[in-house]
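Report on one structure; see the data block that follows.
Number of protein chains: 6
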Amino acid sequence: MKLKVIVPITTKALEEETKKEIAKIGLPGVDIEVERIEYGTASIESMYDEMLCAPGIIKVAERAQAHGFDGVFIDCMGDPALDAVRERLDIPVVGAARPCMLYAADLASKFTIVTVVENVIGMFENQARGLGLRDKLASVRTTDIPVLDLADKEKTVKALVGESVRAIEEDGAHAIILGCTGMMGVAEDLGKALEQKGYEVPVVYPVPTAIRYLETLISLKLVQSKKTYMSPPDKDRNLLERL
Amino acid sequence: MKLKVIVPITTKALEEETKKEIAKIGLPGVDIEVERIEYGTASIESMYDEMLCAPGIIKVAERAQAHGFDGVFIDCMGDPALDAVRERLDIPVVGAARPCMLYAADLASKFTIVTVVENVIGMFENQARGLGLRDKLASVRTTDIPVLDLADKEKTVKALVGESVRAIEEDGAHAIILGCTGMMGVAEDLGKALEQKGYEVPVVYPVPTAIRYLETLISLKLVQSKKTYMSPPDKDRNLLERL
Amino acid sequence: MKLKVIVPITTKALEEETKKEIAKIGLPGVDIEVERIEYGTASIESMYDEMLCAPGIIKVAERAQAHGFDGVFIDCMGDPALDAVRERLDIPVVGAARPCMLYAADLASKFTIVTVVENVIGMFENQARGLGLRDKLASVRTTDIPVLDLADKEKTVKALVGESVRAIEEDGAHAIILGCTGMMGVAEDLGKALEQKGYEVPVVYPVPTAIRYLETLISLKLVQSKKTYMSPPDKDRNLLERL
Amino acid sequence: MKLKVIVPITTKALEEETKKEIAKIGLPGVDIEVERIEYGTASIESMYDEMLCAPGIIKVAERAQAHGFDGVFIDCMGDPALDAVRERLDIPVVGAARPCMLYAADLASKFTIVTVVENVIGMFENQARGLGLRDKLASVRTTDIPVLDLADKEKTVKALVGESVRAIEEDGAHAIILGCTGMMGVAEDLGKALEQKGYEVPVVYPVPTAIRYLETLISLKLVQSKKTYMSPPDKDRNLLERL
Amino acid sequence: MKLKVIVPITTKALEEETKKEIAKIGLPGVDIEVERIEYGTASIESMYDEMLCAPGIIKVAERAQAHGFDGVFIDCMGDPALDAVRERLDIPVVGAARPCMLYAADLASKFTIVTVVENVIGMFENQARGLGLRDKLASVRTTDIPVLDLADKEKTVKALVGESVRAIEEDGAHAIILGCTGMMGVAEDLGKALEQKGYEVPVVYPVPTAIRYLETLISLKLVQSKKTYMSPPDKDRNLLERL
Amino acid sequence: MKLKVIVPITTKALEEETKKEIAKIGLPGVDIEVERIEYGTASIESMYDEMLCAPGIIKVAERAQAHGFDGVFIDCMGDPALDAVRERLDIPVVGAARPCMLYAADLASKFTIVTVVENVIGMFENQARGLGLRDKLASVRTTDIPVLDLADKEKTVKALVGESVRAIEEDGAHAIILGCTGMMGVAEDLGKALEQKGYEVPVVYPVPTAIRYLETLISLKLVQSKKTYMSPPDKDRNLLERL
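Residue numbers (the numbering used here), protein chains in the order written: chain A, 1 to 243; chain B, 1 to 243; chain C, 1 to 243; chain D, 1 to 243; chain E, 1 to 243; chain F, 1 to 243.
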């Protein structure tokens, strides 16, 4: 099984870190290739960024299918271009936010997403609404650390613990979802810190969750419905050749 | 007052027709300029098309604000790139679908959108859900006439009348929204046909509705909330310069 | 175009102030006539008041249509007798609350209504629920200043600013709606005060918003749906002749 | 215990029939007085009618409390003036629609209201929405027999049976509510007819259901919440003295 | 009329107290028999307890119908085994939570349930959701007094008053429901205490509310719908004979 | 990794078939043990059956944890006793319905569950409502083949194909979920038949879907939240020792 992980931004450092993080997952018989887009934005923290990264994501995804990959993971909690790629491809395509929310919805009555900056709060609320899970989203909380500053793990963990505790105590969260796929290598520390404070709640880490969900879909021969994600009709399209 | 109408596709013929249609609206003291995008798709009939047209729309919109326009109308019922442009601009930005749905929600308990092809049904359901109006959307019906074939007015009107009657009689629609801004010059004929059949229901025609809504916002000094549509933080973005 | 504005209460001073406020709107070619009801209540601050003012509103509205007016605006955020008048008339009829909420729902993900007294909170929640916008109503806040005391502009603005700031900071409001049509001549000061505090959020002022919405409907030849607001069947009705 | 039943219309014949129907209920120790309003409409089949009957209902209700009655039942499925009267009175006030819907919501997963004419369908949908029961309302069906023609029992029962069967078979109704308090003396026949067709579903007859619900409230010393139905503040009100 | 009250736990003391409390209701012509289950749990404070008490409840309920009872009340706010018993029996079966919530939904726009321990909060939220009343449930609050410690009336009343006041002031509750049928003999004191603090809100006491609701159903010949609660098909079942 | 699959009914033949079906899944390093309950019902087709099987399920599940299993799958689409077992155990516990619905909600905008008999329709609607997915459940359809007759594969497939096609064409389903875990060895044939008719929609087969979901949870160290599924407090419980 061959999976393509699309890092949907242009920052090389995050592509490298993703490669290392994914190497740890270790699924037997699964070959994972990580690739970032060439034209887009340095990180995604607005709908504006999502729109500017979408063509690059589409380009990499189309190539992945052409090259025989079995599935595609768009590695961002904004699920940028997810619907568009699902329309265009015949292999399973997953984002990060949906599997995390769906798993959390099964394991807990309410969950909080702890993310980077205030700009993306509305985006998460819309995603939850689209899945029917708006009432299960206890809150979206922010660490106020932009994506490109997440490399400071100590600072990130500290902020995550603080917001997670507030989510549990003030917002009624029963599970925590890491709200940015750039929050790598911190889930375990967060989980331990919460446990020490007496909170036995699931901490959902998007990258391995989405990868395993994608692997499951492929194993079960499940693909996005072609009634929901209908193939786009043929017509003149002159953008992708510019990239 | 100077308004920019963005035809968010690359088809010259539709740009020309839009210019003529808008000339008929005749708002005193309002200067309207129509401009299509250079890179994108020939028409929008999927999320895939929306993503490929978004950068072009953003480019024209940013230039419009720089050139002193007072407001921007993205002339498509898919509201492509609307959220992104609203984040980026300080002048009012409107799409076509939202004002139509909001006006219909005031005038009728349920409304139907009659659109082009099956591919966009889900898109309209998501827009209505986002506005909280999912329960007021009686149905989305399709004429099965693609955007680029709408020039055949007779065929289009006939199909619109048929679907509108079915919407009223079978789906409980109390108002009809034309589901594509390419359906120009047909609203009046549709309204008359329905009236002759004894149905006094509002027929909402997107182009003038959105233009007048935009003009009202500017007159009232109302702009999209900068708490909902926060300005995107500065960062490297290398896509637009390719277009 | 000739519009009738119904001041749906019996207080002469508010009728006079409304006339002056409406004179400022200045729509070219639009003639606006303001008229208060003769029998009803001094102000509307309960469902009890709404019921006692409804017959008077109906009386003025029916006469307006008979006298050739092109549209009717019932000038109260409670939208008293709106449904009844829409059933009875063939010209467009609008209230104040619905256009404000619909515009706010387009411009912001959540809005707060800042109104007069606690008694009317439930009324606004019901109106929002009826439109499908309950989830977008962040809160209803009150200044605790009754309608008939709103003439003290300084006190009113101060209270509005205080509650609006709390709405934004504590309730997550991204837009503010003035919750009483008696709050005249204060919207601009409120907007400026919020801007000075760094909040760029729309402040929706009901009177001009509703007037312009009504003018738009007439221009677009849009009327309330006669499937939703069916004409009442003929029968004995002996109340109106008593008034 | 002394109950006041308000027949909220001006038709004497329906007042008489209501007296007879209520006499059959036979609650020991409960004294029930029926009174129709003097000014209003001959029947209620629109929001227009509700608004014109509301002042008369308020007048009778206020007098009932002054005369020492223990509770008030407004005998109409439109629940006209219910909120207003609840605000004004300190004794329990009930309408017909709410108890019927609440009982049906407990006994069945979905219910249909079979009522008189198309004009009132929206009114029932709004009532259900207000109670949170919109999803449990399978449908509103109409016999197309106006209130004042319900005296033809045979015709009424036949129409009710037909629509109830369609509600069960086509709309998924698991319970039937008689949708007009003027449908007197027909519930038993309807229930028997449905049973003969193999449908064991509750048939909720509004008049005795509401009377018994009111009696229960009084016995349990339960009154409408004065936080929801706050007492209207004092002010000039000049309508009621005209009636 | 003969009613069976099932105390759905194995604690003898609560059965005795229930008998005394029910004796106070005093419905003329109504004979009430109280019976606890033999195998189950000492109290119900989790879904685990509900599942372990269900077979015992079913056993008593089936016997009640066989012995000619006219209705069954399962005396617990968790409504344990309610759906199962309704499927199996042809006489009306009621729980405690549903009538309380439905009555509160009519009398107030929002209500709070004040219950025993944190473990059952989710259970109440699910019940409200099932009835469509999730939005009317302002909050579920807990006294942190387990069921078997409720005998200390003074402590219980004090805790109930404290939480009820917080529910009204902080959560927007307009009515209070006692959240455990073991809270006997405290409703009146709670009501008085709230009144003294100026809060005129309904306090719903489950035991008499449910009994009177059941009596009403029987009088009105209303039974749970056999379309919603279909009779279970015959098959091998070997559990009940073990108990 | 050691998983316990609980066949939550007493029928030996279904336990045997489940063993064979699970042997086909073939997850490397995963040891799966199948065990049916001793006391309960022959199949589950009502809430009555669920209640009678719950104690047996609890008994097997508690023993599984005591014996060192890493996770438990309750192999029934009714998710019987799921909440109770999740409260009591510290290892992950999954049912069949929830993972199927959550996966379908990601892959399609609407899905239909095709199940056995009419009795369980309401059960599925409640499960979907509890997850927030009520609006995504296009319909529940039944083959009218009881659980114990599913062994006739040819008949079962034929009925499944018929109902699935109707679900897609009439109800707007974009994915199909097999609505009974007893529908073994038919998913592939159903999928092929739909594909031949031109419908590319996911067919979700509960048994392998749930097993793989459970394996994923264990790999990710995710367990049901102990805030949602709190451990039941200690108390006398005398039922399980009878079984």
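Backbone N, C-alpha and C fix where the C-beta goes; we use that ideal spot for every residue, glycine too.
Everything numeric in this text was worked out from a predicted model, so none of it was measured.
Which stretch, first to last residue, makes up the alpha helix (DSSP H) that contains K192(F)?
-> A187 to Q196
Where do the N-terminal and C-terminal ends of the alpha helix (DSSP H) with D261(F) fall, by residue?
-> The structure shown does not extend to residue 261(F), since chain F spans only 1 to 243, so no value can be given for it.
With DSSP collapsed to three states, give me the class of D79(E).
-> Residue state, collapsed to three classes: coil.
In chain order, what residues of the same chain have a beta carbon less than 6 Å from the beta carbon of R134(E), not counting five sequence neighbours either side?
-> A128
Measuring CB to CB, does K136(B) end up less than 8 Å from G132(C)?
-> yes
Give a yes or no on whether 8 Å exceeds the smallest Cβ distance from E170(A) to chain F.
-> no
Do the segment 71-89 of chain F and the segment 185-203 of chain A make contact, defined as three or more Cβ pairs closer than 8 Å?
-> Verdict: no, contact absent.
Segment contact, 8 Å Cβ cut-off, at least three pairs: the segment 20-34 of chain D with the segment 209-216 of chain D = Touching, yes, given that three or more Cβ pairs across the two stretches are closer than 8 Å.
Tell me whether H67(C) is buried or exposed, calling it buried when 16 or more other Cβ atoms sit within 10 Å of its Cβ.
-> Per the 10 Å Cβ criterion, exposed.
C-beta contact flag for C180(A) and L217(A) at 8 Å | No.
Could you tell me if K227(A) is buried or exposed, where buried requires 16 or more neighbouring beta carbons within 10 angstroms of its beta carbon?
-> Counting of Cβ neighbours within 10 angstroms places K227(A) among the buried residues, the total reaching 16 or more.
Which ranges does the alpha helix (DSSP H) cover as unbroken runs of at least 4 residues, wholly within the segment 90-140 of chain E, from first to last along the chain?
-> If we require 4 residues or more, the alpha helix (DSSP H) runs fully inside the segment 90-140 of chain E come out as 97-107 and 121-131.
Below 7 Å CB to CB, which residues in the same chain sit around C100(B) once its five sequence neighbours on both sides are set aside?
-> I177, V204, P206 and T209
Output, in chain order, the set of chain B residues within a Cβ distance shorter than 7 Å of A97(C).
-> What A97(C) touches in chain B: nothing, since even the nearest Cβ is about 10 Å away.
Kindly indicate which three-state DSSP category T41(F) falls into: helix, strand or coil?
-> Assignment of T41(F) by DSSP, reduced to helix, strand and coil, places it in the strand class.
For I25(B), name the three-state secondary structure that DSSP assigns.
-> coil
Would you say R141(F) reaches chain A, if we count a Cβ-Cβ gap shorter than 8 Å as a contact?
-> no
Could you list which residues in chain A have their beta carbon closer than 8 Å to that of A108(F), in chain order?
-> Q224, S225, K227 and T228
Which stretch, first to last residue, makes up the beta strand (DSSP E) that contains G71(C)?
-> G71 to I74
Beta-carbon proximity of P202(F) to V93(A), cut-off 8 Å = no
Tell me, please, whether the segment 108-118 of chain A touches the segment 139-159 of chain F by the rule of three or more beta-carbon pairs shorter than 8 Å.
-> no
I57(B) in three-state terms, based on DSSP = I57(B) falls in the helix class under three-state DSSP.
Within its chain, find whatever has a CB closer than 8 Å to the CB of A159(A); leave out the 5 residues flanking it on each side and keep chain order.
-> T143, D144 and I145
Find the residues of chain F that neighbour A175(A), judging by a C-beta separation of less than 7 Å, and give them in chain order.
-> Residues of chain F passing the Cβ test: S225.
Residues near R36(D) by beta carbon distance below 6 Å, same chain, minus five either side = V7 and E15
Once you ignore the five residues that flank V60(E) on each side, which residues in its own chain have a CB closer than 7 Å to its CB?
-> Excluding sequence positions up to five before and after V60(E), its CB lies within less than 7 Å of the CB of I6, E35 and I37, all in the same chain and listed in chain order.
Roughly how many angstroms lie between the CA atoms of F124(A) and G130(B), to the nearest whole one?
-> 12 Å
Considering E35(E), what are the terminal residues of the beta strand (DSSP E) in which it resides?
-> D31 to R36
Give the secondary structure of T18(F) by DSSP, where H, G and I count as helix, E and B as strand, and everything else as coil.
-> DSSP places T18(F) in the helix class (H, G or I) of the three-state scheme.
Selection from K20(C), Y103(C), G182(C) and P55(C) that minimises the alpha carbon distance to H174(C) | Y103(C)
Measure the alpha-carbon distance for I58(F) versus V85(F) and round it to whole angstroms.
-> 6 Å
Check the C-beta distance from Y39(E) over to R242(F) and give it rounded, since I have them as a contact under 8 Å.
-> 6 Å
Helix, strand or coil for I6(C) per DSSP?
-> strand
Run of the beta strand (DSSP E) containing L217(C), from where it starts to where it stops | No beta strand (DSSP E) contains L217(C), which is instead part of the alpha helix (DSSP H) from P206 to S219.
Quick one: does A282(A) have its CB under 8 Å from some CB of chain F?
-> Here chain A has residues from 1 to 243 only, and residue 282(A) is not among them.
Under the assumption that N238(D) contacts T10(C) (Cβ atoms under 8 Å), give the Cβ distance between them as a whole number of angstroms.
-> 6 Å
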